[in-house]
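Residue numbers (the UniProt record's numbering): 1 to 87.
Structure follows, in structure tokens:
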């Protein structure tokens, strides 16, 4: 098997920006080291469940419900793209 065909079969990890309204996912990891500390401080910890609550009319920002506590977090789409979800 060539490395090219192996790369073609490797799925691209889903991020929070890929969620549809009302859809939930569990945080796997934070992709951007510079954003990671900010996101961790806001409750985006690996293993935590998040749900897409809303999108602004032009798509940015988005709001997430983080964890079980109905904590709502507003993020830019570029920030949400750095939060990867478990399969």
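The beta carbon of each residue, even a glycine, is placed where N, CA and C say it ideally should be.
Close beta carbons around residue i, own chain, < 7 Å, minus the five adjacent residues each side
i, result
"residue 76", "60 and 61"
"residue 80", "15, 16, 17 and 62"
Distance CB(residue i)-CB(residue j) smaller than 7 Å
i, j, result
"residue 85", "residue 52", "no"
Residue closest to residue i, alpha-carbon to alpha-carbon, out of the options
i, options, result
"residue 23", "55, 43, 45 and 82", "55"
"residue 67", "49, 79, 82 and 58", "49"
"residue 21", "57, 82 and 69", "57"
"residue 73", "81, 64 and 79", "64"
Cβ neighbours of residue i in the same chain (closer than 8 Å, five flanking residues each side left out)
i, result
"residue 45", "27"
"residue 42", "66 and 73"
"residue 94", "Only positions 1 to 87 of the chain appear in this structure, which leaves residue 94 out of reach."
Contact set for residue i: own chain, Cβ-Cβ below 6 Å, skip 5 residues either direction
i, result
"residue 13", "84"
Span separating the alpha-carbon of residue i from that of residue j
i, j, result
"residue 71", "residue 78", "20 Å"
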